[in-house]
Amino acid sequence: MAVGILEVLLVSAKGLEDTDFLGGGSSSSWNERFTFKVEYPGSGDDYKLILKIMDKDTFSADDFVGQATIYVEDLLAIGAENGNAELHPGKYSVVQADLSYCGEIQVGVTFTRKVEDEEEYGGWKESSF
1 MAVGILEVLL VSAKGLEDTD FLGGGSSSSW NERFTFKVEY PGSGDDYKLI
51 LKIMDKDTFS ADDFVGQATI YVEDLLAIGA ENGNAELHPG KYSVVQADLS
101 YCGEIQVGVT FTRKVEDEEE YGGWKESSF
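Here UniProt numbering is used: the first residue of the sequence shown is 1, the next is one more, and so on.
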């Protein structure tokens, strides 16, 4: 089993529906990175990253805009074998709950295998004392 870091780079969006009356438009630029600890192979066989896009409302509940799905099984397998693997930023379709197309997001994903030379328990490394 390989343990590593999955880094998701959320770059931008185009064509997303503006859910607010006085919103900022249908294009967004984020350039945000998110990291997750992952195991491959995992406990299931469902290797996908689901990105749910919400708008931000100040005085009411945030609205669901759509979601994009990125399949990462091949990325994890290659990264587990070679030490790292990368999906360069690419465009992924954003769909609404009824699966209708509503725009696209640009996302990059990297998996880097973590070499563990010490036992790790729940985020704590075992001491040699």
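Even for Gly, the Cβ is constructed at its ideal location relative to N, Cα and C.
Since we're looking at a predicted model, the values are computed, not measured.
Under DSSP, I105 shares a beta bridge with A13, Y92. Under the 10 Å beta carbon count, I53 is surrounded by 16 or more other beta carbons and is classified as buried. Here the alpha carbon of K48 sits roughly 14 Å from the alpha carbon of K37.
In this structure, G83 is the residue among S28, I50, G83, E32 with its C-alpha nearest to the C-alpha of V115. Of all C-beta pairs linking the stretch 2 to 12 to the stretch 100 to 114, three or more are shorter than 8 Å, placing the two stretches in contact. Within the DSSP secondary-structure output, F64 pairs in a beta bridge with M54. Going by DSSP, K37 is part of the beta strand (DSSP E) stretching over 28 to 40.
The shortest C-alpha to C-alpha distance from H88 to any of E81, C102, D98, F111 is the one to F111. At least 9 Å separates the beta-carbon of G15 from that of G79. Assigned with DSSP and collapsed to three states, L76 falls in helix. Here the C-alpha atom of D55 lies approximately 31 Å from the C-alpha atom of D74. Around the beta carbon of Y101, fewer than 16 other beta carbons sit within 10 angstroms, so the residue counts as exposed.
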